[in-house]
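So in my numbering, spot 19 of the sequence shown is number 19, and the numbers just go up one at a time. For each residue, glycine too, the CB sits at the ideal point set by N, CA and C. Small disclaimer: the values here were computed from a predicted structure and weren't measured. Data first, discussion second: the structure below is written as structure tokens.
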Amino acid sequence: PGFAYLPLKRTHNILPADRVKKGKEVYRLWRENKKELKKYAEGEVQDILFIAEKPILEN
């Protein structure tokens with residue numbers, strides 16, 4: 001059920017949910033920890049692609 005079986009990275013937990021805080025944290029990571037920012041961005045993109053492909057592959 002749902003997306004539990006997809007190999008999601010779930011990196012969205014790296015950043016706070018609040019949009020203002022998230023923006024500040026992205027900026028901080030860009031300045032201080034590009035490796036962690038890259039991990040977050042790649043994880044978010046991968047998860048979105050897996051979720052978007054789900055209905056296509058089921059049909």
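Exposure label - residue i; buried when at least 16 CB within 10 Å
i: Y40; result: buried
i: L57; result: exposed
Backbone CA spacing between residue i and residue j [nearest angstrom]
i: V45; j: L6; result: 14 Å
i: N59; j: R31; result: 43 Å
i: D18; j: L29; result: 16 Å
i: R13; j: K22; result: The question names Arg, but residue 13 is Asn in the sequence shown. Answer to the nearest angstrom: the Cα atoms are 11 Å apart.
i: F50; j: T11; result: 14 Å
i: G2; j: L37; result: 27 Å
Three-state class that DSSP yields for residue i in the structure shown
i: Y5; result: coil
i: P16; result: coil
i: R28; result: helix
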